[in-house]
Amino acid sequence: MVYPINTMTMENSLNLFRQMYRIRAVEEEIAHRYPQGRMRCPVHLSIGQESIPAVFAETISKRDFAVSTHRGHAHYLAKGGNLNAMIAEIYGKATGCSKGKGGSMHLIDLNVNFMGTSAIVGNSIPVGVGLALSAQLKGTDQISCVFLGDGAIEEGVFYESVNFSAVRKLPVLFICENNLYSVYSPLSVRQPQGRSIAKMVEAMGVEIATGSGSDVLASQQLMQQAVNKVRAGSGPYFLEFSTYRWREHCGHSFDNDIGYRTQEEFLEWQAKDSLLQLEISLSKETSTVSQQLDALKVVVNQEIQAAFEFAETSGFPLQSEAYQDVYATQGLS
Ligand SMILES: Cc1ncc(C[n+]2csc(CCOP(=O)(O)OP(=O)(O)O)c2C)c(N)n1
Ligand SMILES: [Mg+2]
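Below, the structure is given as structure tokens:
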């Protein structure tokens, strides 16, 4: 796909490129350094899925709430979470966003209302709904965004949460990243043939839209439309994006050789990479744009190296702080 870039969309396209490039470069660096054995927690990378957090970053406001899953690095960064604190958390250091006690799957940055991620599939969904209820009760214009995978719709709490949001017309935006798999199980062995996740949610009284994560500009329009509606008070909204994780479910390697999916399928999705497509489209513009992209990459890569340096040189948490409440240390009682 070649994106038609004109001057109206140039700034936006560069912003989206920067968001996607930054998220991927952070995750690639984690993958690169992971075998060194100094990041001692499991990591679930979202390389290949960057377009959705990128459009989220360009659409959402700092005052809005967000919660996410075990695969939450990209969402934390997209919400404006502190990069140094995230990398330090993955290294288990006291300077981490959860004081080094949570690791990759427990990221919090209350400065930007990124309210947490969880290792338990489906666990953060009712928390996000509760945050939407609090905004409604307080009469603020905040919305609550709940990231979830296709596997999480198989948890009972998902249905309770969607139902409650619909009944109470809560300002909650569900963002489902459908990457076709729950660990090694494809949707075909988990759901009846032909069932659409979004259609099922629509039947519960919630407005829906579906999009392709391979088309970053179209995804941005869907995200903007959904955010506008939820903020205007029309109740919950469910967005489902098709996407694909390139690496293994958990860890830094590729796993197309172990039998649950094929190299052909992986290559098909890789060929639709929205980051590469946008880079090609932007590079076709003027040489000034190409230079801008190169300069942007240099700045982002420096930022990432500095974050790893920060994490590597930080200290481990003290034993005396083992039971200190992480939310309280970030100012929430
Ligand atoms: C309640 C619960 N059941 C099972 C697991 C094991 N588990 C961890 S991640 C995962 C897959 C979740 O799939 P999905 O929601 O599609 O997210 P993805 O990993 O594809 O991003 C499972 C089953 C868990 N952590 N929690
Ligand atoms: Mg999945």
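All residue numbers for the sequence shown refer to this note's numbering, where the first residue is 2 and numbers rise by one. Each residue gets a CB set at the ideal place from its N, CA and C atoms; glycine is no exception.
Beta-carbon gap between aspartate 326 and serine 275 smaller than 8 Å: no
Three-state secondary structure (DSSP) of valine 68: strand
Rounded separation between glutamate 208 and phenylalanine 239 - CA only: 6 Å
In chain order, what residues of the same chain lie with their CB nearer than 6 Å to the CB of phenylalanine 115, ignoring the 5 residues before and after it? Ala67, Tyr77, Lys80 and Gly82
Determine the extent of the beta strand (DSSP E) in which glutamate 286 is found, giving its start and end residues. No beta strand (DSSP E) holds glutamate 286; DSSP gives it neither H nor E.
Could you tell me which of Arg191, Pro237, His253 and Val290 sits nearest to valine 168, measuring between CA atoms? Pro237
Looking at the strands, I want to know which residues DSSP matches up with isoleucine 176. Phe148 and Leu240
May I ask you to report which of helix, strand or coil DSSP gives tyrosine 22? helix
Does the count of Cβ pairs from the region 179 to 187 and the region 146 to 156 closer than 8 Å reach three? yes
Could you tell me whether the Cβ atoms of histidine 71 and methionine 21 are closer together than 8 Å? no
Within the region 288 to 333, note down every full alpha helix (DSSP H) run reaching 4 residues or more, in order along the chain. 288 to 314 and 327 to 330
Length of the line joining the Cα atoms of isoleucine 176 and cysteine 146: 7 Å
Contacting residues, own chain, Cβ-Cβ under 7 Å from phenylalanine 317 (five flanking each side not counted): Gly93, Lys94, Ala95 and Gly101
Leaving out the 5 sequence neighbours to the left and right, which residues in its chain are closer than 7 Å to valine 202 when beta-carbon positions are compared? Val163, Ile209 and Phe239
Using the C-alpha atoms, what's the distance from glutamate 266 back to isoleucine 259? 14 Å
Figure out for me which residue from Pro172, Val27 and Ser69 has the closest Cα to the Cα of lysine 139. Pro172
Measuring alpha carbon to alpha carbon, tell me which residue in Ala136, Gly73 and Glu156 is nearest threonine 118. Gly73
Would you tell me roughly how many angstroms separate the C-alpha atoms of alanine 136 and glutamate 304, rounded to the nearest one? 34 Å
Starting from phenylalanine 115, trace the beta strand (DSSP E) in both directions and tell me its first and last residue. 115 to 118
Check whether the Cβ of serine 183 sits closer than 7 Å to any heavy atom of ligand 2, and report yes or no. yes
For arginine 34 and glutamine 50, what's the separation of their Cα atoms in angstroms? 20 Å
Tell me the DSSP secondary structure of proline 43 in three-state form. coil
So which of Ser14, Ala58, Pro43 and Met11 has the shortest CA-CA distance to methionine 224? Ala58
Less than 8 Å between the C-beta atoms of arginine 1 and serine 254, yes or no? With the chain covering only 2 through 334, there is no way to say anything about residue 1.
I need the boundaries of the beta strand (DSSP E) containing alanine 210, first residue and last residue. 208 to 213
Expressed to the nearest angstrom, what Euclidean distance is found between the alpha-carbon atoms of glutamine 222 and leucine 319? 46 Å
One or two residues paired with tyrosine 182 in a DSSP bridge: Pro187
Is the beta carbon of isoleucine 88 closer than 8 Å to that of phenylalanine 311? yes
Is serine 220 buried or exposed, if buried means 16 or more other CB atoms sit within 10 Å of its CB? buried
heavy atom of ligand 2 below 7 Å from asparagine 229 C-beta: no
Would you mind working out which of Thr289, Gly129, Tyr182 and Pro54 sits nearest glutamate 161, comparing C-alpha positions? Gly129
Classify serine 47: buried if its beta carbon has 16 or more other beta carbons within 10 angstroms, exposed otherwise. buried
Quick one: residues in its chain with C-beta nearer than 6 Å to the C-beta of proline 127, no 5 flanking neighbours on either side, listed in chain order? Val158 and Ser162
By Cβ distance below 6 Å, which residues in the same chain neighbour cysteine 251 in space, the five residues on each side in sequence not counted? Pro43 and His45
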